[in-house]
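Let me begin by presenting the structure, written as structure tokens, before commenting on it.
Protein chains in written order, with the numbering used here: chain H, 174 to 362; chain U, 40 to 534.
What follows is the structure in structure tokens.
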């Protein structure tokens, strides 16, 4: 500062040996904090980074095509591809498989597209109903009524040597549907 | 006795805590504050301490692993002596804590205690409320049962709606791609380390500020708070009309604290622990998850809001509400303290209380949820079948088999998602019934694809019988005329 060059004493104290060492100490601690914080941050966000791209998704089997009669919708379960030793039963996931005809399928997530409660299939009325807030869907997964803003989440599927497999591994949520869906289809399409 | 005094002196010579403790205990408080209205803060602290103790006791047995949490809770309930009682104390303690913190907050607000110079005490109190609710939610997750599992799914679905960051927040919250072991572990860390640590720190600050700034005097209508003069006035008040906090005021706090502890114990003893409900097995879908009572209002709100309003509401209103609470002491930091002269404050509190109360009450009945088993479990009442034709009876069968009953009640049983149909024939004509069944609308799915023409005819025939004996069914007056005209024409063209 050139405004008041006469006032040197404060500048002198700030330049004292102890003052300098303290500042160096703060700097040194800051450096240590950054070096330690980087791996900590990496550790904390590992659940995000691991799933980057489609890192959490892989093709899982739902069993032979023969288990699913044509024209019917049945529940199937699969084991989540990523398993941790403490997961217990939570790695088992349910889904609804609709075999339209031949190799034509629709595999719906069990989670309601409103807030994720498990939807139940009623073959007599051809509706999926949600027990939580009353969402309902038609047999093709399109929204029928209630609070959901879209149809059921649908897993991509393929059939390999007579086995139905789906691309799964992540909880579908309204903001992150993972699998693409039928949402924009008009009802009864 | 001399020995005890000597030991005490030895410790205090080193600790030097006796003087500040004596000063805090003997600090003068306005006489009027030794009131039963002023006991909720200390009661909240008492319940918090109770939660710490019972929480540590539960941690002796509980296993925070998705594979074992549920069975460790079963062991607590059934195998460990009085494990059920400690669980019940912790569960009821949580309910009491949320309730007492809210009552404390309302009392503070209505008595104007958030005004100058206690703004920061209020703001820290707002954080304490949020942390209390955070403890309630994370605690519900640790009771790792079906409700907890699907409740996490609801939490994730709400969090996912945050623009851009939503998917990341969900993965951070769940600790992975699905609700699993890592999810429970991180909620355990939050419930047992992070939030309680913050709570202890903030509670200490909160209490320290109450000691430093003095307890809010009884608000007198017309005694206006001004920044320039308030502190001097308060000082004079405590000098002129003050009494030492111990024992003048504290005995009421102590009585109420003991009463609350006994009330928690009594509830725990009579009502027992909460759950756990079914196993957290995602393949068991025969469940209707429901949150604990302090979040029931949210459950109701999420069912009743128009779908398009839901996401904006969830993302905008809570942050605004919290911001409003934080800004409150700056917006009304001066002026009248007495609730007798603050009608808007009173009306606001009443409005919020009635709204939350109504939503909570509604969520106990969940009229918006279909009754999943009504179609097979609740038969059509006899009186609706008596004296009906074969076609109408067939219609009653269609009504049950097609799960209409899951959403529509007859004779007060069945779902309440749609309107009760006991007198539907009075409201809708035959044509309107057919249209409604086939096309749906007004929140009803269309059944056109799932009913054969014969089934529709039978169903509508049955629905047309649903009217009180004293009221005739609705009919389209023009219809008969049009039909008879048509008949005339057709008969006219015939030779």
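Note that the Cβ used here is the ideal one computed from N, Cα and C, for glycine as well. For clarity, every value in this text was computed on a predicted model and none was experimentally measured.
Member of the options whose CA lies at the smallest distance from the CA of residue i
| i | options | result |
| --- | --- | --- |
| residue 240 of chain H | H/276, H/350, H/202 and H/188 | H/276 |
| residue 385 of chain U | U/148, U/297, U/446 and U/315 | U/148 |
| residue 228 of chain U | H/349, H/217 and H/331 | H/217 |
| residue 143 of chain U | U/132, U/131 and U/167 | U/167 |
| residue 222 of chain H | U/207, U/362 and U/327 | U/207 |
| residue 169 of chain U | U/191, U/136, U/151 and U/152 | U/136 |
| residue 536 of chain U | U/502, U/388 and U/473 | Nothing about residue 536 of chain U can be reported from this structure: the residues present for chain U run from 40 to 534 only. |
| residue 199 of chain U | H/230, H/346, H/334 and H/226 | H/346 |
| residue 12 of chain U | U/101, U/488, U/63 and U/153 | As shown, chain U starts at 40 and ends at 534. That puts residue 12 of chain U outside it, with no answer to give. |
| residue 119 of chain U | U/101, U/310 and U/105 | U/101 |
| residue 248 of chain H | H/269, H/274 and H/284 | H/269 |
| residue 446 of chain H | H/288, H/335 and H/267 | No statement about residue 446 of chain H is possible, as the shown extent of chain H runs from 174 to 362 and does not include it. |
| residue 265 of chain H | U/324, U/461 and U/421 | U/324 |
| residue 255 of chain H | H/230, H/237, H/335 and H/319 | H/230 |
| residue 286 of chain H | U/486, U/193 and U/113 | U/193 |
| residue 269 of chain U | U/155, U/234 and U/351 | U/155 |
| residue 228 of chain H | U/43, U/411 and U/210 | U/210 |
| residue 321 of chain H | U/343, U/242 and U/513 | U/343 |
| residue 244 of chain U | U/104, U/460, U/84 and U/351 | U/84 |
| residue 335 of chain H | H/289, H/317 and H/278 | H/278 |
Alpha carbon of residue i to alpha carbon of residue j, nearest angstrom
| i | j | result |
| --- | --- | --- |
| residue 292 of chain H | residue 493 of chain U | 29 Å |
| residue 7 of chain U | residue 290 of chain U | For chain U, the structure presents residues 40 to 534; residue 7 of chain U sits outside this window and is missing. |
| residue 265 of chain U | residue 272 of chain U | 10 Å |
| residue 263 of chain H | residue 331 of chain H | 25 Å |
| residue 348 of chain H | residue 425 of chain U | 51 Å |
| residue 226 of chain U | residue 133 of chain U | 16 Å |
| residue 271 of chain H | residue 339 of chain H | 13 Å |
| residue 507 of chain U | residue 464 of chain U | 9 Å |
| residue 251 of chain H | residue 234 of chain H | 7 Å |
| residue 222 of chain U | residue 67 of chain U | 49 Å |
| residue 247 of chain U | residue 203 of chain U | 41 Å |
| residue 324 of chain H | residue 304 of chain H | 16 Å |
| residue 444 of chain U | residue 455 of chain U | 9 Å |
| residue 357 of chain H | residue 196 of chain U | Caution applies to residue 357 of chain H, whose pLDDT of 42 falls short of 50 and renders its modelled position unreliable; the value that the coordinates give is listed next. So the alpha carbons of these two residues sit roughly 20 Å apart. |
| residue 350 of chain H | residue 79 of chain U | 45 Å |
| residue 181 of chain U | residue 108 of chain U | 8 Å |
| residue 198 of chain H | residue 211 of chain H | 20 Å |
| residue 284 of chain U | residue 65 of chain U | 6 Å |
| residue 178 of chain U | residue 191 of chain U | 12 Å |
| residue 470 of chain U | residue 301 of chain H | 27 Å |
| residue 54 of chain U | residue 123 of chain U | 41 Å |
| residue 237 of chain H | residue 489 of chain U | 28 Å |
| residue 343 of chain H | residue 99 of chain U | 33 Å |
| residue 50 of chain U | residue 377 of chain U | 46 Å |
| residue 164 of chain U | residue 319 of chain H | 38 Å |
| residue 551 of chain U | residue 326 of chain U | With chain U represented from 40 up to 534, any question about residue 551 of chain U goes unanswered, as that position is not in the structure. |
| residue 233 of chain U | residue 173 of chain U | 11 Å |
| residue 310 of chain H | residue 363 of chain U | 39 Å |
| residue 531 of chain U | residue 518 of chain U | Here residue 531 of chain U scores only 45 on pLDDT, less than 50, and its place in the model should not be relied on; the value that follows carries that caveat. Computed Cα separation, rounded: 19 Å. |
| residue 214 of chain H | residue 175 of chain U | 27 Å |
| residue 215 of chain U | residue 105 of chain U | 13 Å |
| residue 396 of chain U | residue 523 of chain U | 56 Å |
| residue 296 of chain H | residue 326 of chain H | 19 Å |
Return the residues of the stretch 291-311 of chain H that lie within a Cβ-Cβ distance of less than 9 Å from chain U, sorted by chain order. 291, 292, 293, 295, 297, 298, 299, 300, 302, 303, 304, 305, 306, 307, 309, 310 and 311
Contained alpha helix (DSSP H) runs [length at least 4] in the stretch 264-303 of chain U, N- to C-terminal order: 269-280 and 284-287
Going along the chain, which unbroken runs of the alpha helix (DSSP H) with 4 or more residues stay wholly within the stretch 329-363 of chain U? 335-343
Scan the stretch 421-499 of chain U and note each continuous alpha helix (DSSP H) run of 4 residues or more that stays entirely inside, going in chain order. 429-440, 463-466 and 469-478
Is the stretch 182-197 of chain U touching the stretch 311-323 of chain U in the sense that three or more CB pairs, one from each, lie closer than 8 Å? yes
Listed in chain order, which residues of the stretch 303-330 of chain U have Cβ atoms closer than 7 Å to some Cβ of chain H? 318, 319, 320, 321, 322, 324, 326, 327 and 328
Contact the stretch 338-357 of chain U vs the stretch 156-176 of chain U: 3+ CB pairs below 8 Å: no
Can you give, in chain order, each stretch of the alpha helix (DSSP H) that sits fully within the stretch 183-213 of chain U and has at least 4 residues? 185-198 and 205-213
What residues in the stretch 439-452 of chain U bring their beta carbon closer than 7 Å to a beta carbon of chain H? 440, 441, 442 and 445
Does the stretch 358-378 of chain U come within contact of the stretch 250-270 of chain U, defined as at least 3 CB pairs closer than 8 Å? yes
In chain order, what are the residue ranges of uninterrupted alpha helix (DSSP H) at least 4 long that sit wholly in the stretch 83-134 of chain U? 108-117
Between the stretch 510-527 of chain U and chain H, which residues of the former have a C-beta closer than 9 Å to a C-beta of the latter? none
Residue ranges of each beta strand (DSSP E) within the stretch 254-312 of chain H, 3 or longer: 265-274, 277-282, 293-295, 300-302 and 309-311
Residues of the stretch 256-290 of chain H with Cβ closer than 9 Å to any Cβ of chain U, in chain order: 256, 257, 258, 259, 260, 261, 262, 263, 264, 265, 266, 267, 283, 284, 285, 286, 287, 288, 289 and 290
Check whether the stretch 302-312 of chain U and the stretch 379-399 of chain U touch, using three or more Cβ-Cβ pairs below 8 Å as the test. no
Near-chain H residues of the stretch 210-221 of chain U (beta-carbon distance less than 8 Å), N- to C-terminal order: 210, 211, 213, 214, 215, 216, 217, 218, 219, 220 and 221
Complete runs of the alpha helix (DSSP H) confined to the stretch 219-257 of chain H [at least 4 residues]: 219-222
Mind listing which residues of the stretch 325-343 of chain H have their C-beta closer than 9 Å to chain U's C-betas, in chain order? 342 and 343
Give me the subset of the stretch 225-242 of chain H whose CB atoms are less than 7 Å from a CB atom of chain U, sorted by chain position. 229
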